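Working notes, structure below.
Written out as structure tokens, the structure is:
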């Protein structure tokens with residue numbers, strides 16, 4: 009199974025990388041861009057056949073290492089290989 013963990017800053021937390029991207033997009037002529045939030049995507053290959061077990065494992069990894077739960081939130085998606 010493949011687990012895809014998406015980590016984003018929580019609402020209200022300053023996102024300087026997102027602001028820089030938004031400014032660059034405006035400079036390139038994309039005036040319709042209202043806001044940008046930057047995050048990270050982590051793909052994890054798991055030797056697991058049960059989707060719920062894979063989701064639980066990836067969620068535990070995110071809570072323990074991949075996300076700073078004080079300022080970040082995460083979501084987990086599981087796909088068959």
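Residue numbers (this note's numbering): 9 to 89.
Note that beta-carbon positions come from the ideal geometry of N, C-alpha and C, so glycine has one too.
These numbers come from a predicted model, not from an experiment.
As assigned by DSSP and simplified to three states, the class of residue i
| i | result |
| --- | --- |
| residue 48 | strand |
| residue 68 | helix |
| residue 29 | helix |
| residue 80 | strand |
| residue 22 | coil |
| residue 54 | coil |
| residue 62 | helix |
Residue i to residue j span [Cα, whole Å]
| i | j | result |
| --- | --- | --- |
| residue 67 | residue 89 | 18 Å |
| residue 21 | residue 15 | 13 Å |
| residue 73 | residue 52 | 13 Å |
| residue 77 | residue 69 | 12 Å |
| residue 13 | residue 58 | 17 Å |
Close-in-space but distant-in-sequence residues of the same chain around residue i (CB under 8 Å, 5 per side omitted)
| i | result |
| --- | --- |
| residue 63 | 11, 84 and 86 |
| residue 29 | 44 and 46 |
Check: residue i C-beta below 7 Å from any heavy atom of the ligand NAD
| i | result |
| --- | --- |
| residue 33 | You won't find the ligand NAD in this model; it holds no ligand whatsoever. |
Checklist entry - Between the stretch 39 to 49 and the stretch 19 to 29, do at least 3 Cβ pairs fall closer than 8 Å? => result yes
Checklist entry - Is the stretch 29 to 37 close to the stretch 68 to 85, with three or more CB pairs under 8 Å? => result no
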